[in-house]
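Engineer:
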Amino acid sequence: MANRTRRFTFAELAEHDVPPDSPEDVLFSQTLIVDEHLRNSKYSQERRAIFRADDDGKTYAVTYEANVDAADYEVGPGPDNHGWHGDTVEATEVMQRALIVAQWVPVTDEPDFGPPKASAIDSLTALWEENGARTSVAREAAAQWIVDHADEIADLYDTYLASGEGAL
582 MANRTRRFTF AELAEHDVPP DSPEDVLFSQ TLIVDEHLRN SKYSQERRAI
632 FRADDDGKTY AVTYEANVDA ADYEVGPGPD NHGWHGDTVE ATEVMQRALI
682 VAQWVPVTDE PDFGPPKASA IDSLTALWEE NGARTSVARE AAAQWIVDHA
732 DEIADLYDTY LASGEGAL
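Note that my numbering has the sequence shown beginning at 582, numbered continuously upward.
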C-alpha cells in the first residue's frame, strides 16, 4: 500500500516553520507539531518535522538535514539546502497513533506495586510529550486514545478479574 504524499515548495514549507531554526521552535509555532532527531552522519543530522498544512488541514512529515550541534568543536560544512534537491520537497501524510513499545529496564529488588502515580490522561500525555509533541496535542491524543479504547480496557479488566488472578 502506497503512502499518501504531497509536494511542497520551499516557500510553502517556510510558511509552516519547516525546517525550524531550532527544535525548541515547536513551542512557538502554530503549524509545526514535532521536530525529531532521526540519526547523525559525519557532518549533519537527519531530522523529521511534522506539521499541519493550513490549506487542507492534513498532517505531513518531511525529513531534512541540519547542522550537527557540536558546541565548540569544529565541524565540516553543513548540508546544502537542508539536503533537498529540486524545486519541491515530498512530504508524507501522517497521523498520530499510540504504540506500546517494549524496553529493557534495570531490575530492582523492590516490587513495583500500587496505583499509578499519575492519572491515565497525565501518564499518556507524558508519553507523547517525551516523543516531542506539544502538551496541547499530547493531551488531545491521550484523551482520544482513552475514549477509543475504554470498552476494550474494561473488557480486559473483567476477564482478568474473572480468571482469579485479580483476586485480592
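We put the CB at the ideal spot given by N, CA and C, even for glycine.
Here the structure is a predicted model, which is why all the values come from computation and not from measurement.
Is it true that the CB of Lys639 sits closer than 9 Å to the CB of Glu674?
Structural biologist: Closer than 9 Å, so yes.
Engineer: Sort Gln626, Tyr641, Val688 by Cα distance to Ser614 and report the nearest one.
Structural biologist: Per the sequence shown, the amino acid found at residue 614 is Ile instead of Ser. Answer by Cα proximity: Tyr641.
Engineer: Can you tell me the Cα-Cα spacing of Ala719 and Asn662, whole angstroms?
Structural biologist: Rounded to the nearest angstrom, the two C-alpha atoms are 31 Å apart.
Engineer: Quick one: residues in its chain with C-beta nearer than 8 Å to the C-beta of Asp635, no 5 flanking neighbours on either side, listed in chain order?
Structural biologist: Within the same chain, Asp635 has close Cβ partners Glu596, His597, Thr612.
Engineer: For Trp685, does the count of other Cβ atoms within 10 angstroms reach 16, so buried, or fall short, so exposed?
Structural biologist: Exposed, by the Cβ-count rule.
Engineer: Quick check on the DSSP output: the alpha helix (DSSP H) that includes Thr591 runs from which residue to which?
Structural biologist: For clarity, residue 591 is Phe in the given sequence; the question names Thr instead. Looking at the DSSP string, the run of the alpha helix (DSSP H) that includes Phe591 is 591 to 596.
Engineer: Which residue comes first and which comes last in the beta strand (DSSP E) that contains Leu528?
Structural biologist: Any property of residue 528 remains undetermined from this structure, which presents the chain solely from 582 to 749.
Engineer: Measure the Cβ-Cβ separation of Thr644 and Arg629 and say whether it is below 9 Å.
Structural biologist: Yes, these two residues count as a Cβ contact at 9 Å.
Engineer: Could you check how far apart the C-beta atoms of Val670 and Leu594 are, in whole angstroms? I think they sit under 8 Å.
Structural biologist: Contact flag correct, Cβ pair sits at about 6 Å.
Engineer: Quick one: what does DSSP say Glu691 is sitting in, helix, strand or coil?
Structural biologist: Coil, per DSSP.
Engineer: Since Tyr741 is in the alpha helix (DSSP H), which residue starts that stretch and which ends it?
Structural biologist: Looking at the DSSP string, the run of the alpha helix (DSSP H) that includes Tyr741 is 716 to 743.
Engineer: From the DSSP output, which residues share a beta bridge with Phe632?
Structural biologist: According to DSSP, Phe632 bridges with Leu613, Tyr641.
Engineer: Helix, strand or coil for Ser704? Go by DSSP, reduced to three states.
Structural biologist: Three-state result, Ser704: helix.
Engineer: By Cβ distance, which residues of its chain are closer than 6 Å to Ser610, with the 5 residues on each side in sequence left out?
Structural biologist: Contacts found: Asp598.
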